[in-house]
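Participant: Per our numbering, the very first residue in the sequence shown carries number 35; after that it's consecutive.
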Amino acid sequence: MRLDDVDGTAVDSTVVDAASVNRIVQQAASIGQRIYIRPADTAVR
């Protein structure tokens with residue numbers, strides 16, 4: 035989730051695979067954007 039700089043509320047949400055996490059973190063860090071990373075909920079059947 036990308037977080038609002040003022041109040042920390044979620045601005046948008048994206049589900050990505052593990053290989054993409056590093057790229058997203060690097061992009062956010064380069065512009066000083068705050069993000070929240072958590073595992074996606076998955077149902078095992």
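Beta carbons are placed, not taken as given, at the ideal position from N, Cα and C, and that holds for glycine. Only a predicted model underlies this, so the values are computations on that prediction, with no experimental measurement involved.
Just the Cα atoms here: how many angstroms apart are residue 36 and residue 62?
Facilitator: Looking up residue 36 in the sequence shown gives position 2. Looking up residue 62 in the sequence shown gives position 28. Distance between the alpha carbons of residue 36 and residue 62 is about 9 angstroms.
Participant: Are the beta-carbon atoms of residue 49 and residue 38 separated by less than 7 angstroms?
Facilitator: Within the sequence shown, residue 49 is the residue found at index 15, counting from 1. Within the sequence shown, residue 38 is the residue found at index 4, counting from 1. Cβ atoms of residue 49 and residue 38: not closer than 7 angstroms.
Participant: Mind reading off the beta-carbon distance from residue 55 to residue 65? Whole number of angstroms is fine, and I expect it under 8 angstroms.
Facilitator: Residue numbering aside, residue 55 sits at position 21 when the sequence shown is read from its first letter. Residue numbering aside, residue 65 sits at position 31 when the sequence shown is read from its first letter. Residue 55 to residue 65, Cβ: 17 angstroms. No contact.
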